[in-house]
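Everything below concerns the one structure shown next.
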Amino acid sequence: MYKIIFFIISMLLSISLVGIVVLNNAHILLNIYFHQVEVTIGMAIVLSVIVGSIVSFIFIGSLILFYRGKYVKLKKENEIVKKEVQNLRKIPMQE
Numbered sequence: 002m003y004k005i006i007f008f009i010i011s012m013l014l015s016i017s018l019v020g021i022v023v024l025n026n027a028h029i030l031l032n033i034y035f036h037q038v039e040v041t042i043g044m045a046i047v048l049s050v051i052v053g054s055i056v057s058f059i060f061i062g063s064l065i066l067f068y069r070g071k072y073v074k075l076k077k078e079n080e081i082v083k084k085e086v087q088n089l090r091k092i093p094m095q096e
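Under the working numbering, the first residue of the sequence shown is numbered 2, with each subsequent residue one higher.
See the structure below:
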C-alpha cells in the first residue's frame, strides 16, 4: 500500500517538475562562489529540489543510524536485566 502511495506521489512530483521546467524558460544567472552559470528558472527550481532532497536524506539517515544504535544498546541492556531477573528468581529466598 505504501509503495503505491509513494509511486503516485513520485509521479505527481515528476509531472509537476516537468511542467515547471517547460513553463519557466527564462534565463537567470546563478553566482556560485567564483563561477557564474546561466540556467533557466525551471532548471534552477529542479536543482534546488534535488539538492534539498539530498540534504534531507542525509539528515534523516543520520537520525535513523543514531536511533538504531541507541536501540541496539537498549536491547542489550534489556537482555542483561532479563537474565539478572531470572537468576534472582532461581535463588531461593533466605530469611
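Note that beta-carbon positions come from the ideal geometry of N, C-alpha and C, so glycine has one too.
Subject >> Where the beta strand (DSSP E) through Asn-32 begins and ends >> reply: 28-33
Original post:
Does the distance from the C-beta atom of Gly-43 to that of Asn-25 stay below 8 Å?
Top reply: yes
Original post:
Is there contact between the segment 46-53 and the segment 65-81, where contact requires at least three CB pairs shorter than 8 Å?
Top reply: no
Original post:
Hey, which unbroken runs of the beta strand (DSSP E) at 3 residues or more fall wholly within the segment 15-74?
Top reply: 28-33 and 36-41
Original post:
Roughly how many angstroms separate the alpha carbons of Ala-27 and Thr-41, rounded to a whole number?
Top reply: 5 Å
**OP:** Alpha carbon to alpha carbon, how far is Lys-77 from Pro-93? Give it in angstroms, no decimals.
**Re:** 27 Å
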